[in-house]
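**Q** Residue numbers (this note's numbering): 33 to 207.
Provided herewith is a single structure, encoded as structure tokens, for subsequent inquiry.
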């Protein structure tokens, strides 16, 4: 599901950016932002940085099943932290800044989107220079102009039954 969501978002971003720039090899992709020795794709690379559990929701609920009830766990709600980086070679640095600016405009103009009937939201996360440095160091790559966003709405549902019970039948009281 994660791949499908990020790929869908990259496709929409590609459509948006291609109205403003002409680049036959494309303008947006999902991938790992590589180290300095790898070939530069000259496009916006969307990469998963982290997953975090959404703090709301995590409960068990009862659902009617035939003549009884079944206890089920609510889906595990997750947020994805994704990096959108303008990975361009040094000679095209100015173009990378332009494409990143338009990527920011896309994020602001499309805060919600749907994939397979599920609604997701994308919001820019404020990052300190130190936090960004730590992310880039962990990823092992050289720095590229980038933004970190939180993508909300990922639901992991195992549909696991936690407990079950039956409804009481007729009650009769003799006096």
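From the three backbone atoms N, C-alpha and C, an ideal C-beta is built for every residue, glycine too.
Every value quoted in this text rests on a predicted model; they were computed, and no experiment measured them.
Report the option in 121, 38, 117, 88 whose CA atom is closest to the CA atom of residue 109.
**A** 88
**Q** Give me the Cα-Cα distance between residue 75 and residue 35, rounded to the nearest whole angstrom.
**A** 18 Å
**Q** Measure from the C-beta of residue 41 to each C-beta in chain D and report whether the shortest distance is under 9 Å.
**A** Among the chains in the structure shown there is no chain D, since it carries only a single protein chain.
**Q** Return the CA-CA distance between residue 78 and residue 85, expressed in angstroms with no decimal places.
**A** 20 Å
**Q** Out of 42, 170, 55, 161, which one is the CA nearest neighbour of residue 124?
**A** 55
**Q** Check each candidate in 45, 100, 112, 64 and name the one with the smallest Cα separation from residue 186.
**A** 112
**Q** Around the C-beta of residue 120, are 16 or more other C-beta atoms found within 10 angstroms, so that it is buried, or is it exposed?
**A** buried
**Q** Between 176, 144, 65, 157, which has its C-alpha nearest residue 127's C-alpha?
**A** 176
**Q** Between the region 145-160 and the region 46-64, do at least 3 Cβ pairs fall closer than 8 Å?
**A** In this structure the region 145-160 does not touch the region 46-64; the number of beta carbon pairs closer than 8 Å is below three.
**Q** Among 182, 147, 172, 164, which has the Cα closest to the Cα of residue 157?
**A** 182
**Q** How would you write the range of the beta strand (DSSP E) that residue 75 sits in, first residue to last?
**A** If you look at residue 75, you'll find it in the beta strand (DSSP E) that goes 75-85.
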